[in-house]
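Each remark here refers to the structure printed beneath this line.
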Amino acid sequence: MDQVTTERLSQISQAIHHVENAKREQQQILNAFWEHPPALDEEVVAKRMQEIRDRIRALEERRRALIQERDFLIVRAATIKRGGN
Numbered sequence: 035m036d037q038v039t040t041e042r043l044s045q046i047s048q049a050i051h052h053v054e055n056a057k058r059e060q061q062q063i064l065n066a067f068w069e070h071p072p073a074l075d076e077e078v079v080a081k082r083m084q085e086i087r088d089r090i091r092a093l094e095e096r097r098r099a100l101i102q103e104r105d106f107l108i109v110r111a112a113t114i115k116r117g118g119n
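FYI, in the numbering used here the residues of the sequence shown are 35 to 119.
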């Protein structure tokens with residue numbers, strides 16, 4: 035596997051870890067909204083909760099994209115290595 039691919043796979047691994055941590059944090063924040071009594075302005079709370087859900091969804095999409103790129107790079111590297119033998 036070439037150095038560029040190896041480095042990118044390392045970056046992807048770190049990015050996936052970061053995304054998973056960020057998603058976990060957002061889920062904890064969202065759970066906190068459910069655990070506390072209703073706020074005075076339920077509309078504001080509902081809007082904030084939706085923003086958090088949207089961020090979680092975006093993080094999930096980012097994670098899927100990173101995994102797809104990682105898998106592509108691994109398959110490409112394996113194909114190149116097999117073809118080179």
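Heads up, the beta-carbon is just placed ideally off N, CA and C, and yes, glycines get one too.
The alpha helix (DSSP H) enclosing residue i, as first and last residue numbers
| i | result |
| --- | --- |
| residue 51 | 37-69 |
C-beta atoms of residue i and residue j nearer than 9 Å
| i | j | result |
| --- | --- | --- |
| residue 47 | residue 96 | no |
| residue 101 | residue 61 | no |
| residue 40 | residue 110 | no |
| residue 64 | residue 98 | no |
| residue 83 | residue 67 | yes |
Contact with chain D by residue i, beta-carbon distance below 9 Å
| i | result |
| --- | --- |
| residue 83 | Given the protein chain composition of this structure (a single chain), no chain D is represented. |
Neighbourhood of residue i by C-beta distance below 6 Å, restricted to the same chain and skipping five residues each side
| i | result |
| --- | --- |
| residue 49 | 100 |
Simplified DSSP state of residue i, which is helix, strand or coil
| i | result |
| --- | --- |
| residue 75 | coil |
Close Cβ partners of residue i (< 8 Å) along its chain, the five nearest in sequence each way excluded
| i | result |
| --- | --- |
| residue 94 | 57 |
| residue 108 | 43 |
Pairwise C-alpha distance: residue j and residue i
| i | j | result |
| --- | --- | --- |
| residue 80 | residue 74 | 12 Å |
| residue 37 | residue 76 | 53 Å |
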